[in-house]
Each structure stands twice: as structure tokens, then as C-alpha cells.
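A.B. asks: Got a structure here, written out as C-alpha cells. Questions coming.
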Amino acid sequence: MNVVNLYERLGGEAAVEAAVVRFYDKVMADPDLAPFFEHMDLGAQINKQIAFMTMAFGGPNRYTGRDLRTAHAKLVQRGLGDLHFDAICRCLAETLDELGVDPGVRDDVLRIVDATRGDVLGR
Ligand code: HEM
């Protein structure tokens with residue numbers, strides 16, 4: 001499926017922003033995940049995630065942050081691994097379900113995110 005269609009099917013910019021904010025509430029409620037984000041400016045992090053997800057879902061490419069391997073290298077040194085990556089994917093899947101996203105579209109999104117696993121985990 002065309003990823004541009006995926007962005008439109010998700011509902012465009014407003015839907016992506018709503019999804020990211022909900023997603024972060026879940027991440028911060030998970031005791032395995034929250035420590036990675038403590039001491040961070042969460043507002044800035046949310047803005048980066050909005051830009052990234054917009055790109056990942058096939059919207060206008062406005063992501064200008066560091067590449068995913070570089071951005072997560074220090075976290076990998078601190079123990080970031082598949083357990084955390086899977087937990088993040090669960091948070092995202094729950095968010096999309098709660099927003100009423102079609103299960104087929106949700107699975108497309110998760111496949112796109114899973115394609116970043118090797119870079120995020122530095123392998
Ligand atoms: C699932 C796929 C993931 C994607 C697509 C992703 C995406 C991103 C992006 C785009 C940034 C900002 C990069 C920048 O501009 O500097 C970032 C930073 C960050 N990510 Fe992820 N991430 C993922 C997984 C994770 C996981 C599993 C964790 C921890 C549980 C995590 C924790 C962080 C933290 C703490 C930062 C800020 C790092 C810093 O500023 O030093 N990410 N991520």
C-alpha cells in the first residue's frame with residue numbers, strides 16, 4: 001500500500017498529533033519505558049515525534065532531526081533493547097485502536113515503525 005495513502009487514511013496532521021500525545025501518555029505510564037524519557041523536555045520530544053510520525057506515515061517530509069541510529073546510540077548503551085522497542089510498539093497499537101483506526105491501517109503503521117528497529121537498536 002502507498003504510504004501517502006496511509007497518512008491520508010490516518011486522518012492527516014490532526015490525527016497524527018492526537019495519536020502522538022496519547023501515545024506519550026502511555027509511554028510515560030510504563031515503568032520500563034519512562035526512565036528513558038525522564039529529564040527530557042517532553043514538549044520538544046513530542047514535537048520531534050510528530051514530525052517523525054508524519055514522515056513515517058507518508059506525509060509531508062518535515063523531519064529534520066538526527067538519524068535514528070545516532071539519536072538512540074546512548075540509550076542502547078544504557079540498555080535499550082527489543083523489550084523496550086516491543087513495548088513502544090504496543091503503546092502505539094493501543095493508541096491507534098483507541099482512536100478507532102482500522103486494524104489494517106494500524107498493521108501497516110506498525111510495519112513501517114518496525115522497519116526502524118535495526119537503526120533504533122544500533123544493529
Ligand atoms: C519504535 C521506533 C522509534 C522511533 C521511530 C523513534 C524515533 C525517535 C526520533 C525521531 C527521535 C528524535 C531524534 C532527534 O531529532 O534527535 C527520538 C529520540 C529519542 N528516543 Fe526514540 N524512537 C523509537 C524508539 C524508541 C524507544 C524504544 C525508546 C526508549 C524506550 C526511545 C527513546 C528516545 C529518547 C529518550 C530520545 C531522545 C534522545 C536524546 O535527545 O538524546 N525511542 N526517537
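Going by the working numbering, the first residue of the sequence shown is number 1, and it counts up by one from there.
Virtual Cβ for every residue (Gly too), placed ideally from N, Cα, C.
1) Between Arg69, Thr116, Lys74, which lies nearest to Cys89 when the distance is taken from Cα to Cα?
2) Taking Tyr7 as the reference, which of Met53, Gln49, Gly43, Leu68 has the closest Cα?
3) Do you know how far the Cα of His39 is from the Cα of Asp107?
4) How would you call Val113, buried or exposed, if buried means at least 16 neighbouring beta carbons within 10 angstroms?
5) In whole angstroms, what is the alpha-carbon distance linking Asp86 and Leu80?
6) Which whole runs of the beta strand (DSSP E) in the stretch 5–88 are 3 residues long or more, in chain order?
7) Hey, would you say the C-beta of Val120 is under 8 Å away from at least one heavy atom of the ligand HEM?
C.D. replies: Checking against the coordinates, here is how it stands:
1) Counting from one through the sequence shown, the residue named residue 89 turns up at place 89. The alpha carbon of Cys89 has as its nearest neighbour, out of Arg69, Thr116, Lys74, the alpha carbon of Thr116.
2) For the purposes of this step, residue 7 is taken as residue 7 along the sequence shown, with counting starting at 1. Comparing C-alpha distances from Tyr7 to each of Met53, Gln49, Gly43, Leu68 shows the shortest one belongs to Met53.
3) Position 107 of the sequence shown, counted from the first residue, corresponds to residue 107. Position 39 of the sequence shown, counted from the first residue, corresponds to residue 39. In a straight line, the C-alpha of Asp107 is about 32 Å away from that of His39.
4) Locating residue 113 in the sequence shown gives position 113, counting from the first residue. In this structure Val113 is buried. Its beta-carbon is surrounded by 16 or more other beta-carbon atoms within 10 angstroms.
5) Translated into positions along the sequence shown, residue 86 becomes position 86. Translated into positions along the sequence shown, residue 80 becomes position 80. Cα atoms of Asp86 and Leu80: separation of roughly 11 Å, rounded to the nearest angstrom.
6) Whole beta strand (DSSP E) segments, 3+ residues: zero.
7) Numbered from its first residue, the sequence shown carries residue 120 at position 120. Yes; taking the cut-off as 8 Å, the Cβ of Val120 has a heavy atom of the ligand HEM nearer than that.
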